[in-house]
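Asker: The structure is given below, and queries will be raised subsequently.
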Amino acid sequence: MVMRDAHFHANGAETTAQEVVTAPETQQRRSAVRSPWRDHALGLIIFLLAILFYAGNASQPVIFDDNEGLYAGAVREMTQRGDWLLPTNNGLPRIQKPPLTYWAMLGSVSLFGMNEWAIRLPNAIFTAAWVYVTFLIGLRLRDATHGMVAAGILATMIGVFVFTHLVQPEPFLATFISLSVYAVIAALQEPARRRGWYLLAWVSLALGALSKGLHGAAWPIAIVLAAMALMPSRRAALKGFFHWSGLVVFLALVAPWYLYMEARLPGFLQAHFLREQVSAAIDGRFDRETLSIPIWMFYLQHGIFFSPWVLFAPAAFVAWRQYPADKSRPWKLVWLWMAVTFLTLSFSNLQDYYAMTSWGVAALWLAAAFHPEARVSRWFYLVPCLVLAAAGTGLLIFAFFFKGILAQGSHYIAPIAERDTFANALGGISLGAWQEFLPLMKTAGAALVLGGGSAMWWSGRAKPARATACAALTLTMVVLCSLSTVGFRIMGPNFSLAEAARAINAAATPEATVACEGAPHQSSSLLFYLDHRVHWVNAPSQREFAVRVMQQGQELYWNDESFLSAWESPRQVFFIVEDTRLAAWKDKLFRHAPAARVLYHNGTRNVLVNH
Numbered sequence: 113m114v115m116r117d118a119h120f121h122a123n124g125a126e127t128t129a130q131e132v133v134t135a136p137e138t139q140q141r142r143s144a145v146r147s148p149w150r151d152h153a154l155g156l157i158i159f160l161l162a163i164l165f166y167a168g169n170a171s172q173p174v175i176f177d178d179n180e181g182l183y184a185g186a187v188r189e190m191t192q193r194g195d196w197l198l199p200t201n202n203g204l205p206r207i208q209k210p211p212l213t214y215w216a217m218l219g220s221v222s223l224f225g226m227n228e229w230a231i232r233l234p235n236a237i238f239t240a241a242w243v244y245v246t247f248l249i250g251l252r253l254r255d256a257t258h259g260m261v262a263a264g265i266l267a268t269m270i271g272v273f274v275f276t277h278l279v280q281p282e283p284f285l286a287t288f289i290s291l292s293v294y295a296v297i298a299a300l301q302e303p304a305r306r307r308g309w310y311l312l313a314w315v316s317l318a319l320g321a322l323s324k325g326l327h328g329a330a331w332p333i334a335i336v337l338a339a340m341a342l343m344p345s346r347r348a349a350l351k352g353f354f355h356w357s358g359l360v361v362f363l364a365l366v367a368p369w370y371l372y373m374e375a376r377l378p379g380f381l382q383a384h385f386l387r388e389q390v391s392a393a394i395d396g397r398f399d400r401e402t403l404s405i406p407i408w409m410f411y412l413q414h415g416i417f418f419s420p421w422v423l424f425a426p427a428a429f430v431a432w433r434q435y436p437a438d439k440s441r442p443w444k445l446v447w448l449w450m451a452v453t454f455l456t457l458s459f460s461n462l463q464d465y466y467a468m469t470s471w472g473v474a475a476l477w478l479a480a481a482f483h484p485e486a487r488v489s490r491w492f493y494l495v496p497c498l499v500l501a502a503a504g505t506g507l508l509i510f511a512f513f514f515k516g517i518l519a520q521g522s523h524y525i526a527p528i529a530e531r532d533t534f535a536n537a538l539g540g541i542s543l544g545a546w547q548e549f550l551p552l553m554k555t556a557g558a559a560l561v562l563g564g565g566s567a568m569w570w571s572g573r574a575k576p577a578r579a580t581a582c583a584a585l586t587l588t589m590v591v592l593c594s595l596s597t598v599g600f601r602i603m604g605p606n607f608s609l610a611e612a613a614r615a616i617n618a619a620a621t622p623e624a625t626v627a628c629e630g631a632p633h634q635s636s637s638l639l640f641y642l643d644h645r646v647h648w649v650n651a652p653s654q655r656e657f658a659v660r661v662m663q664q665g666q667e668l669y670w671n672d673e674s675f676l677s678a679w680e681s682p683r684q685v686f687f688i689v690e691d692t693r694l695a696a697w698k699d700k701l702f703r704h705a706p707a708a709r710v711l712y713h714n715g716t717r718n719v720l721v722n723h
């Protein structure tokens, strides 16, 4: 029930009362006066603001190693070859992922040139699309206010910004899975248009599968099956999801590229699905380039990824307890979405961001805390805002009065191979290495003090303006996320070989050879910036489809003997090696090539040249 015009407090809640209106009546009144065009205009504004925010931060840093370098390098080679169907890295087929992410990037660089901003623009657009679809789900299940708040929360979660800022297919996958869930919800609410909504769901499944793999379809199908099992009243309506026309649409969109690839590269289907798709589900039966993080860490890290909004989880919990059950609004389907995602991932190899496709559910749940109908004590808002303001104050005090701790600390950054997860990346940077971040700490501290303080003021008013407090926090996070882009730029030399590649390009002869110690994904930014193919020293070649199945490309994988033979030859050879490995190599390298020298030092890696 909604109470208006006189204050009262009960069960930790605070509201006003003069007339009593039931929640369903309130919803009906709102629906009666609400303009669909106004709601869609609001959604369009949210979409455009999200694009402005994410695209505006996309030009920095340089292309990083690992996923981003692999995708960017493939797009560069596909553009040079004029071949939009076969991704390659270092001249060898890259079969790990389907083509949609590449196609979006190829379209972008065709329009805007081969640069970092154009490479990341599709990620920014699809992140904005994900935010927009989250708004649509909130709009359909409650109202425009709920959708708008959920969209703002999702767009400014720390984890969302960090993991969508660098290129990977997750924003594409999250958008299409979210759209498929939205279509199923719409189908349940609009029986007359059910067939069309289910077809849209299957189109989304197909595009999700073309973005990262078959789990783009498997997850939505599992969500529908779980809903049929746990929502008996919806079972008959959900059966329509499995109409044969949906499968036909799915196969028509997905099958052509896969059949083309199998015809062009015999053995592709087995390698792609068995090694790259099933492998993750059966917990590492085949070799993998990255290690799985512990399941406890996977779950705990989400407290960081959902920050700062996770601080309002108690308020959201109270708000949801008050929210009336409404059978016309199938929220249970949304909760099943997150449950299915996390449950299935619990039995697979885990990376930090693997559950990201369901983070919109967390945003939708947290948004209830800021809805005007939420009858929640102001203390549930004042305390989190105070925590944020206190964190900002702590940052300012440290940056101004204790900065000597950073200056006196050791300056050590772990080798790139030891920084392959979120926790390892942070833990692999010693205290002294953060000294360059002092200006950012000051700005971030000031933003937290101002944002947290203003949100606390709005939350503590006699008539709490929680929507305004939410807006203040959203703007604060826009500032903090933009500052993190500067942080990415500062740390760029430690996560990218862009400058090393430029130094080699400037010094190399046309016949020069470039060698790099370690696995290709650990130095993949070379594929985007370097003008020569790379020979990998002491890297496992059998992970390469071309080497394993096509019997091609083995010459690009050297052991110590092969590399030293090239190093001693008359041709110019560049060698990229980690600081921690330099001492082990120096004696061999300088003994066999007295004129050898260190050409460039790039973060934790060195570029040596023999002549």
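Under this note's numbering, the first residue of the sequence shown carries the number 113, and numbering increases by one thereafter. Glycine included, each C-beta is placed from N, C-alpha and C at the ideal position.
1. Given a cut-off of 8 Å, decide if F417 and L462 are closer than it, judged by their beta-carbon atoms.
2. Which residues in the same chain as L676 place their Cβ atom closer than 7 Å to its Cβ, once the five residues preceding and following it in sequence are excluded?
3. Within its chain, find whatever has a CB closer than 6 Å to the CB of S404; leave out the 5 residues flanking it on each side and keep chain order.
4. Could you spell out where the beta strand (DSSP E) holding E673 opens and where it closes?
5. Shortest alpha-carbon distance to F725 belongs to which of I541, V626, T597, A321?
6. With H, G and I counted as helix, E and B as strand and the rest as coil, what does DSSP make of T716?
7. Nearest-angstrom Cα distance between L291 and V315?
8. Within this structure, are the beta carbons of A494 and M568 separated by less than 8 Å?
9. Start and end of the alpha helix (DSSP H) containing V430?
10. State buried or exposed for H258, treating a residue as buried only when at least 16 other CB atoms are found within 10 Å of its CB.
11. Compute every distance between the C-beta of F247 and the non-hydrogen atoms of the ligand SAM, then say whether any falls below 7 Å.
12. To the nearest angstrom, how far is it from the Cα of Y244 to the Cα of I175?
13. Give me, in chain order, the residues of the same chain whose beta-carbon lies closer than 8 Å to that of C497; leave out the 5 immediate sequence neighbours on both sides.
14. Can you confirm whether the region 420-433 touches the region 483-490 when touching is taken to mean that 3 or more C-beta pairs between the two stretches lie within less than 8 Å?
15. Using the Cα positions of S681 and A313, report the straight-line distance between them to the nearest angstrom.
16. Smallest Cα separation from A184: which of Q280, A696, L587, Q382?
17. Inspect the beta-carbon positions of P442 and I297 and report whether they are closer than 8 Å.
18. Rounded to a whole number of angstroms, what is the C-alpha to C-alpha distance between P735 and A631?
19. What residue ranges within the region 604-636 form continuous alpha helix (DSSP H) runs of no fewer than 4 residues, ordered along the chain?
20. So, at 8 Å on beta carbons, what are the nonlocal neighbours of T625 in its own chain, with the 5 sequence-adjacent residues on each side left out?
21. Taking the CB atoms as reference points, tell me whether T276 and T246 lie closer together than 8 Å.
22. Does the beta-carbon of W408 have 16 or more other beta-carbons within 10 angstroms, so that it is buried, or is it exposed?
23. Grab the span of the alpha helix (DSSP H) containing F514 for me, first residue to last.
24. Excluding the 5 residues flanking L508 on each side, which residues of the same chain have their C-beta closer than 6 Å to its C-beta?
25. Under a three-way DSSP split, which group does V200 fall into?
26. For E656, which of helix, strand or coil comes out of DSSP?
27. Would you list the one or two residues that DSSP bridges to W648?
28. So, does the region 314-332 touch the region 365-375, judging by three or more C-beta pairs under 8 Å?
29. Determine the DSSP secondary structure at V721, reduced to helix, strand or coil.
30. Go ahead and pull the three-state DSSP assignment for F354.
31. Which residue from L322, E690, L278 puts its Cα closest to that of I289?
32. Using C-beta distances below 7 Å, list every residue in its chain close to G521, excluding the 5 sequence neighbours before and after it, in chain order.
33. In chain order, what residues of the same chain have a beta carbon less than 6 Å from the beta carbon of L642, not counting five sequence neighbours either side?
34. According to DSSP, is E302 part of a helix, a strand, or is it coil?
35. Apart from the five residues just before and just after A503, which ones in its own chain have a Cβ nearer than 6 Å to its Cβ?
36. Mind reading off the beta-carbon distance from N536 to T716? Whole number of angstroms is fine, and I expect it under 8 Å.
Answerer: The structure says:
1. Taking the sequence shown and counting its residues from 1, the one referred to as residue 462 is at position 350. Taking the sequence shown and counting its residues from 1, the one referred to as residue 417 is at position 305. It is not a contact, given that the beta carbons lie outside the stated cut-off.
2. Sequence index remark: in the sequence shown, residue 676 carries index 564 (1-based). Excluding positions up to five away in sequence, the list reads K700, H704.
3. Locating residue 404 in the sequence shown gives position 292, counting from the first residue. The residues are N461, L462.
4. Start at 1 with the first residue of the sequence shown, and residue 673 comes out as number 561. Premise fails: E673 lies in the alpha helix (DSSP H), 672-680, not in any beta strand (DSSP E).
5. Residue 725 lies beyond the stretch modelled for the chain, which goes from 113 to 723, so this question has no answer here.
6. The residue labelled residue 716 in the question sits at position 604 within the sequence shown. DSSP, read as helix, strand or coil, puts T716 in coil.
7. One-based indexing of the sequence shown puts residue 291 at position 179. One-based indexing of the sequence shown puts residue 315 at position 203. A direct Cα-Cα distance of roughly 9 Å separates L291 from V315.
8. Residue mapping note: residue 494 aligns to position 382 of the sequence shown, counting from 1. Residue mapping note: residue 568 aligns to position 456 of the sequence shown, counting from 1. One point to set straight first is that residue 494 is Leu, not Ala, in the sequence displayed. In contact: L494 and M568 (Cβ atoms closer than 8 Å).
9. For the purposes of this step, residue 430 is taken as residue 318 along the sequence shown, with counting starting at 1. Element bounds for V430: 425-434.
10. Looking up residue 258 in the sequence shown gives position 146. Classification of H258: buried, given that the 10 Å Cβ count is 16 or more.
11. With respect to the ligand SAM, the structure offers nothing, as it holds no ligand at all.
12. What you label residue 244 is simply residue 132 of the sequence shown in a count that begins at 1. What you label residue 175 is simply residue 63 of the sequence shown in a count that begins at 1. Approximately 27 Å between the Cα atoms of the pair.
13. Numbered from its first residue, the sequence shown carries residue 497 at position 385. G564, G565, A567, M568, S571, A581, L585.
14. Three or more beta-carbon pairs drawn from the region 483-490 and the region 420-433 are found closer than 8 Å, and the two stretches are therefore classed as touching.
15. The residue you call residue 681 lines up with position 569 of the sequence shown. The residue you call residue 313 lines up with position 201 of the sequence shown. Going from the Cα of S681 to the Cα of A313 covers about 59 Å.
16. Residue numbering aside, residue 184 sits at position 72 when the sequence shown is read from its first letter. The shortest Cα separation from A184 among Q280, A696, L587, Q382 belongs to Q280.
17. Mapped onto the sequence shown, residue 442 falls at position 330. Mapped onto the sequence shown, residue 297 falls at position 185. For P442 and I297, yes; Cβs fall inside 8 Å.
18. Residue 735 lies beyond the stretch modelled for the chain, which goes from 113 to 723, so this question has no answer here.
19. 610-619
20. Your numbering for residue 625 matches position 513 in the sequence shown. Taking T625 as the centre and dropping the five residues before and after it, the same chain places the C-beta of H644, H647, A678, R683, Q684, V685, F686 closer than 8 Å to its C-beta, in chain order.
21. Numbered from its first residue, the sequence shown carries residue 276 at position 164. Numbered from its first residue, the sequence shown carries residue 246 at position 134. Cβ atoms of T276 and T246: not closer than 8 Å.
22. Here residue 408 refers to the residue found at position 296 of the sequence shown. W408 is classed as exposed because its beta carbon has fewer than 16 other beta carbons within 10 Å across all chains shown.
23. Stepping through the sequence shown from its first residue, residue 514 is reached at position 402. No alpha helix (DSSP H) holds F514; DSSP gives it neither H nor E.
24. The sequence position of residue 508 within the sequence shown is 396, counting from 1. If we look at L508 and ignore the five residues flanking it on each side, its Cβ neighbours are G557.
25. Reading the sequence shown from its first residue, position 88 is the one you call residue 200. Looking at the sequence itself, residue 200 is Thr, so the reference to Val does not match. In the three-state scheme derived from DSSP, where H, G and I count as helix and E and B as strand, T200 is classed as strand.
26. Taking the sequence shown and counting its residues from 1, the one referred to as residue 656 is at position 544. It is coil, neither helix nor strand.
27. The residue you call residue 648 lines up with position 536 of the sequence shown. Paired residues: C628, Y669.
28. yes
29. Counting from 1 along the sequence shown, the entry for residue 721 is found at position 609. It is a strand residue.
30. Residue mapping note: residue 354 aligns to position 242 of the sequence shown, counting from 1. Helix, per DSSP.
31. Within the sequence shown, numbered from 1, the residue matching residue 289 stands at position 177. Of L322, E690, L278, the residue nearest in Cα terms is L322.
32. By one-based count along the sequence shown, residue 521 stands at place 409. Result list for G521: S542, L543, G544, in chain order.
33. The sequence position of residue 642 within the sequence shown is 530, counting from 1. Counting only Cβ-Cβ distances below 6 Å, and skipping sequence neighbours, we find A613.
34. Position 190 of the sequence shown, counted from the first residue, corresponds to residue 302. Looking at E302 - three-state DSSP - the assignment turns out to be coil, as it is neither helix nor strand.
35. The sequence position of residue 503 within the sequence shown is 391, counting from 1. Answer for A503: L560, listed in chain order.
36. Position 424 of the sequence shown, counted from the start, is the residue given in the question as residue 536. Position 604 of the sequence shown, counted from the start, is the residue given in the question as residue 716. At roughly 14 Å, the Cβ-Cβ gap does not stay under 8 Å, so N536 and T716 are not in contact.
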